[in-house]
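This report refers to the structure that appears directly beneath it.
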Amino acid sequence: MKNIKSISFTLLFFLQFSIYSQENFEGILKFNMQIQDKTGDLADEQSKQFVGDKQTYYLKGKKYKSELNGMLKITTYHEGRDTLFTKMNGTDVLMYSLTNVDEEKVISYEIKKTDKIVLGYKCDLLEVKTNKGFHQYYFNKNLKCAPSTYENHKMGLWDFFTEKTGGALSIISISDVEDFKSTIELIAIERKNLDDTIFVKPDLPIVKMPEN
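Spelled out as structure tokens, the structure:
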């Protein structure tokens, strides 16, 4: 449970993106994922089987919803406040975690120019070293949310990333932290107006996400 929880929460940061526009993004995003469990509890094929290798991501302002395609069918709901709700296949409860609590401490960071082009966008690179490992985020400042949208969303370093990039959103993200390695890359994007009901969590009993 701990490893699956950590992986799914970290994916939430990477699944930020925008569209071919200067406007703040609203719509549906799809990503490829590669996850390696460094603890040895899950082999690579098991990570793919249980967590998945694809993610569908819905974003509207501070609200978002994430769906993973693994056997666990991990779905997360953020209704725009300070709480993330997670539903897994085979459970009849929602597990909650607070998004305004620090998970990692930034030690250093650097922004670099690169020659990488993704979906027509030439990317800059933000490299971040933390007390748990490092992250690489490829981004283009023309792909964005409002800079203040996630100013208190500390989970996944969203607040740090949007602050340092002026609201830019991640296109490719690579992480190597204590428990796992991951690579997340955008493969499809659809700009559209989303109904608020998409982000409403199911009516189920709510329990705290286990620490272990």
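Following our numbering, the numbering of the sequence shown begins with -7 at its first residue and continues without gaps. Note that beta-carbon positions come from the ideal geometry of N, C-alpha and C, so glycine has one too.
Residue i, DSSP secondary structure in three states
{"i": "T122", "result": "strand"}
{"i": "L90", "result": "strand"}
{"i": "F42", "result": "helix"}
{"i": "F17", "result": "coil"}
{"i": "I66", "result": "coil"}
{"i": "T78", "result": "strand"}
{"i": "L149", "result": "helix"}
{"i": "E203", "result": "coil"}
{"i": "E37", "result": "helix"}
{"i": "K55", "result": "strand"}
{"i": "D188", "result": "helix"}
{"i": "D193", "result": "One detail in the question is off: residue 193 reads as Lys in this sequence, not Asp. Three-state DSSP puts K193 in coil, outside helix and strand."}
{"i": "E182", "result": "strand"}
{"i": "T157", "result": "helix"}
Chain-order list of residues whose beta-carbon lies under 8 angstroms from that of residue i (same chain, five-residue window excluded)
{"i": "V93", "result": "K146 and M147"}
Cut-off 6 angstroms between Cβ atoms - residues of its own chain near residue i, not counting five sequence neighbours on either side
{"i": "T67", "result": "E59 and K79"}
{"i": "D206", "result": "Here the chain has residues from -7 to 204 only, and residue 206 is not among them."}
{"i": "N61", "result": "G44 and K46"}
{"i": "A160", "result": "F131, K133 and K136"}
From the options, residue whose alpha carbon lies closest to that of residue i
{"i": "N16", "options": "I179, W150, L135 and Y69", "result": "L135"}
{"i": "S39", "options": "T48, Q47, D29 and Y50", "result": "D29"}
{"i": "L51", "options": "N61, D33, Q41 and E71", "result": "E71"}
{"i": "Y101", "options": "C137, Y129, S89 and E95", "result": "Y129"}
{"i": "I99", "options": "V120, L90, S89 and T83", "result": "V120"}
{"i": "I190", "options": "G53, T31, Q26 and L111", "result": "G53"}
{"i": "E205", "options": "S140, S89 and D188", "result": "As displayed, the chain neither begins before -7 nor continues past 204, which places residue 205 out of reach and without an answer."}
{"i": "K133", "options": "N144, Y142 and L118", "result": "L118"}
{"i": "D201", "options": "F172, T91 and D36", "result": "One detail in the question is off: residue 201 reads as Met in this sequence, not Asp. Selected option, being the one with the closest Cα: T91."}
{"i": "E95", "options": "L149, P197 and I163", "result": "L149"}
{"i": "T141", "options": "K114, D36 and K55", "result": "K55"}
{"i": "Y69", "options": "L196, K105, V199 and V192", "result": "V192"}
Nearest-angstrom Cβ-Cβ length linking residue i and residue j, presumed shorter than 8 angstroms
{"i": "L86", "j": "P194", "result": "7 angstroms"}
{"i": "I176", "j": "S165", "result": "5 angstroms"}
{"i": "I179", "j": "N24", "result": "5 angstroms"}
{"i": "E131", "j": "D116", "result": "At residue 131 the sequence reads Phe, which differs from the Glu that was named. Contact holds; Cβ gap of about 6 angstroms."}
{"i": "D74", "j": "N185", "result": "With a Cβ gap of about 25 angstroms, D74 and N185 do not count as contacting."}
Beta-carbon contacts of residue i that lie in its chain and below 7 angstroms, excluding the five residues immediately before and after
{"i": "K97", "result": "T122 and N123"}
{"i": "F152", "result": "V98"}
{"i": "V199", "result": "V85 and M87"}
Proximity test, Cβ basis, 8 angstroms: residue i and chain C
{"i": "T154", "result": "Judged by its chain identifiers, the structure shown contains no chain C, having just a single protein chain."}
- Is it true that the region 168 to 175 meets the region 149 to 159, where meeting means three or more beta-carbon pairs spaced less than 8 angstroms apart? no
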